[in-house]
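If you're matching positions, the sequence shown starts at 31 in our numbering and goes up one per residue.
Backbone N, C-alpha and C fix where the C-beta goes; we use that ideal spot for every residue, glycine too.
Notes follow once the structure below has been shown.
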Amino acid sequence: MDSQDVVHNQGNLRHDGSTRQIILMLLKTKGPSNAGDLAKSLGVTEMAVRRHLNTLERDGYVRPNIVRQPMGRPAHVFGLTEEADGLFPKNYNTLALDLLEELEGDPELSGAVTKLFEGRKQKLLERYRSRMEGKSLEQRVEELALIQNAGGYMTQVEAVDRGHYIFNEFNCPIAQVANRYQQACNCELALFEALLEAPVERTECMAKGGGKCSYHIKQQK
Numbered sequence: 031m032d033s034q035d036v037v038h039n040q041g042n043l044r045h046d047g048s049t050r051q052i053i054l055m056l057l058k059t060k061g062p063s064n065a066g067d068l069a070k071s072l073g074v075t076e077m078a079v080r081r082h083l084n085t086l087e088r089d090g091y092v093r094p095n096i097v098r099q100p101m102g103r104p105a106h107v108f109g110l111t112e113e114a115d116g117l118f119p120k121n122y123n124t125l126a127l128d129l130l131e132e133l134e135g136d137p138e139l140s141g142a143v144t145k146l147f148e149g150r151k152q153k154l155l156e157r158y159r160s161r162m163e164g165k166s167l168e169q170r171v172e173e174l175a176l177i178q179n180a181g182g183y184m185t186q187v188e189a190v191d192r193g194h195y196i197f198n199e200f201n202c203p204i205a206q207v208a209n210r211y212q213q214a215c216n217c218e219l220a221l222f223e224a225l226l227e228a229p230v231e232r233t234e235c236m237a238k239g240g241g242k243c244s245y246h247i248k249q250q251k
């Protein structure tokens, strides 16, 4: 990120009126800093910056470190935590698409993309299978909703009648990948059927222009 980008981003943050957001941006772009340097960059008092740093530290976004200096007392330098890293935009979908396209374009790796998605499905199945053991279909559907919500899918479950449920997902964190590779949607459907141990029919799909991903789940007769 160059200096023009930093200025542009800081301008947006100032517009939002959040000094703490600007502090986070400065720590992200310039690295760990002490309260005095942050105060100079912001044009506010050091005491005001310390109040914001205390709040950010309490929330788990910054961490102070003591740095010994050649002269004078040690200085407290603040840096971002791993928790704070999640506040900044990521470009994982673009990276994933680039890697998948590389696999798809290599004649020696024919079928590698499909194998990759199948491997991911198997990994998720092994990870979550134990959470379904000993549960009724209704309980498994509720557990699946918890799993998908934790992944950012914004699920909603509707009970149509006994043994029949509609499972909706209003967000797809991997939408850009799913739009390009139908294997992602096919593997999700197969994963649902394996975890729920019941037939699952997809009736709407965001990757195909739908407003949501919708599944009908019915108890085995």
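Range covered by the beta strand (DSSP E) that runs through residue i
i: F197; result: H194 to E199
i: S244; result: C243 to K248
i: T185; result: T185 to D191
i: V230; result: V230 to E234
Candidates the options, of which the one nearest residue i by Cα
i: L117; options: M55, G181 and N95; result: M55
i: L86; options: R50, A105, E76 and N121; result: R50
i: R170; options: L225, R81 and N95; result: L225
i: L146; options: E168, Q212, H246 and E223; result: Q212
i: H246; options: Y195, S71 and A205; result: Y195
i: F222; options: A65, D191, L176 and K251; result: L176
i: Q80; options: D89, G73, G90 and L68; result: A small correction: the amino acid at residue 80 is Arg; Gln does not occupy that position in the sequence shown. For the residues D89, G73, G90 and L68, the minimum Cα distance to R80 belongs to L68.
i: L167; options: E199, R192, D89 and S71; result: R192
i: P94; options: G109, R88 and K238; result: G109
i: S2; options: G66, G61, L72 and A65; result: What the structure shows of the chain is the stretch from 31 to 251, and residue 2 is not part of that stretch, so it cannot be assessed.
i: S244; options: M184, G135 and A65; result: M184
i: F197; options: L174, E163 and E131; result: L174
i: K120; options: R161, I204 and D89; result: I204
Where the alpha helix (DSSP H) containing residue i begins and where it ends
i: E223; result: Q213 to L226
i: I204; result: Here I204 belongs to no alpha helix (DSSP H), and DSSP marks it neither H nor E.
i: A65; result: A65 to L72
i: T49; result: T49 to K60
Min CB distance residue i to chain B below 8 Å
i: E234; result: Any reference to chain B falls outside this structure, which holds one protein chain only.
Check whether residue i and residue j have beta carbons under 8 Å apart
i: G182; j: N201; result: yes
i: A220; j: Q249; result: no
i: V107; j: S63; result: yes
i: Q178; j: E199; result: yes
i: C215; j: A237; result: yes
i: C217; j: R159; result: no
i: V187; j: E172; result: yes
i: Q206; j: L139; result: no
i: K242; j: E234; result: yes
i: A142; j: L129; result: no
i: L83; j: V92; result: yes
i: E76; j: G66; result: yes
Unbroken beta strand (DSSP E) runs of length 3 or more, entirely within the region 86-168: which are they? 92-97 and 105-110
Quick one: any contact between the region 57-71 and the region 97-115, if contact means 3 or more CB pairs under 8 Å? yes
State whether the region 145-160 contacts the region 96-104, with contact taken as three or more CB pairs (one from each stretch) at a distance under 8 Å. no
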